[in-house]
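Peer 1: The numbering of the sequence shown is the UniProt record's numbering, which starts it at 1 and goes up by one.
I'd like to ask some things about the structure below.
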Amino acid sequence: MKVGLLKKISLALGFVLWVTGSVCASPADEEGANKANNNLVKVLVIGLHDNVESNYFPGSMITEETGIPTDSIDYTYNQIIAKNIIASNKNKKYQFVTSEKAAAISSLLDKIRLEGEEEERYADLSQVDDNRYEQLIKDTGSDYVLFLNQHYLKWQEKPLRTLFHITSYSLFDKNQKEVTRGNNYFTSMNLENKDKLSKDSRKSSSKIVSTIVKSLSK
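Quick look at the structure:
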């Protein structure tokens with residue numbers, strides 16, 4: 001009986017010490033995690049307004065084929081590509097994030113123009129107020145901003161009936177200076193619903209991340 005009682009007391013004391021140690025370690029762990037996050041290079045991913053274009057498909061046809069409401073086509077494409085970009089990043093030095101709550105985003109996007117033609121269209125920030133851009137950087141704690149300029153749905157009849165889903169992007173630094181730009185794509189036979197679009201765009205989104213990381217690592 002005494003031996004059993006002593007074992008129970010020892011186990012109880014051990015549990016109390018383990019809990020106490022865990023509680024005491026928590027603030028330090030949190031502080032360490034915060035420092036680690038502060039050392040990350042943060043890239044804010046933002047999709048532009050009304051940025052889904054096509055050489056063949058009108059908005060009504062995109063809705064009919066994909067089930068995506070016409071008034072949220074651009075939002076859906078932006079969200080899918082942004083999520084895939086964030087998920088595909090494996091570099092621990094960089095963090096790709098989105099932030100729809102930043103007050104400066106909406107007013108800033110209204111001033112961004114696209115220059116170029118078809119799939120080669122890129123963000124022009126010359127009309128964006130410097131203070132608004134600076135406020136966006138401050139509110140989100142970002143080091144860079146990655147704009148998803150356009151999702152271009154390019155239909156090709158020959159030699160094979162193919163739909164190219166082309167996303168163009170531009171990366172800007174804290175000082176509103178363009179660092180790099182480019183585009184990447186994936187193909188399909190037809191327009192796709194949200195789930196299929198999300199799955200098929202993973203590889204092209206990953207390539208965008210790789211290109212951005214390489215540019216920032218130079």
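Backbone N, C-alpha and C fix where the C-beta goes; we use that ideal spot for every residue, glycine too.
Measuring CA to CA, which of Thr63, Ser72 and Gly67 is closest to Asp50?
Peer 2: The option with the nearest alpha carbon to Asp50 is Ser72.
Peer 1: Just the Cα atoms here: how many angstroms apart are Asp195 and Ile68?
Peer 2: If you take the alpha carbons of Asp195 and Ile68, they lie about 11 Å apart.
Peer 1: Between the stretch 195-205 and the stretch 168-179, are three or more C-beta pairs nearer than 8 Å?
Peer 2: No, the stretch 195-205 is not in contact with the stretch 168-179.
Peer 1: One question on the structure: do Leu40 and Lys92 come within less than 9 Å of each other, judged by their Cβ atoms?
Peer 2: Yes, Cβ-Cβ distance for Leu40 and Lys92 is below 9 Å.
Peer 1: Beta-carbon within less than 6 Å of Gly21's beta-carbon, same chain only, minus the 5 sequence neighbours each way: which residues are those?
Peer 2: For Gly21, the predicted structure reports a pLDDT of 46, less than 50, and the residue's modelled location is therefore unreliable. A value from the coordinates is still provided. Here the set comprises nothing.
Peer 1: Would you tell me roughly how many angstroms separate the C-alpha atoms of Ile85 and Thr167, rounded to the nearest one?
Peer 2: Taking the straight line joining both Cα atoms gives about 12 Å.
Peer 1: By how many angstroms is the C-alpha of Ala104 removed from the C-alpha of Gln135?
Peer 2: Looking at the two C-alpha atoms, the distance is approximately 7 Å.
Peer 1: Between which two residues does the alpha helix (DSSP H) holding Asn184 run?
Peer 2: Careful: Asn184 lies outside any alpha helix (DSSP H), inside the beta strand (DSSP E) at Glu178 to Ser188.
Peer 1: Based on Cα-Cα distance, which residue from Lys174, Tyr169, Met189 and Thr98 lies nearest to Asn183?
Peer 2: Among Lys174, Tyr169, Met189 and Thr98, the Cα nearest to that of Asn183 is on Tyr169.
Peer 1: Between the alpha carbons of Ser215 and Lys90, how many angstroms are there, rounded?
Peer 2: One C-alpha to the other measures close to 15 Å.
Peer 1: Applying the criterion that 16 or more other CB atoms from any shown protein chain within 10 Å of the CB defines a buried residue, is Asn149 buried or exposed?
Peer 2: Under this definition Asn149 is a buried residue.
Peer 1: Where Glu192 and Val43 are concerned, what is the direct C-alpha to C-alpha distance, given to the nearest angstrom?
Peer 2: Approximately 28 Å, taken between the alpha carbons.
Peer 1: What does the alpha-carbon distance come out to for the pair Ala87 and Thr162?
Peer 2: Spanning the two alpha carbons is a distance of roughly 27 Å.
Peer 1: Where does the unbroken beta strand (DSSP E) through Asp173 begin, and where does it stop?
Peer 2: From DSSP, the beta strand (DSSP E) with Asp173 extends over Thr162 to Asp173.
Peer 1: Pick out whichever of Ser188, Ser142 and Asn175 has its Cα sitting closest to the Cα of Phe164.
Peer 2: When each option's Cα is compared against that of Phe164, the closest is Ser188.
Peer 1: Among the residues of its own chain, which have a CB less than 6 Å from the CB of Phe57, if the five just before and after it don't count?
Peer 2: Contacts found: Leu153.
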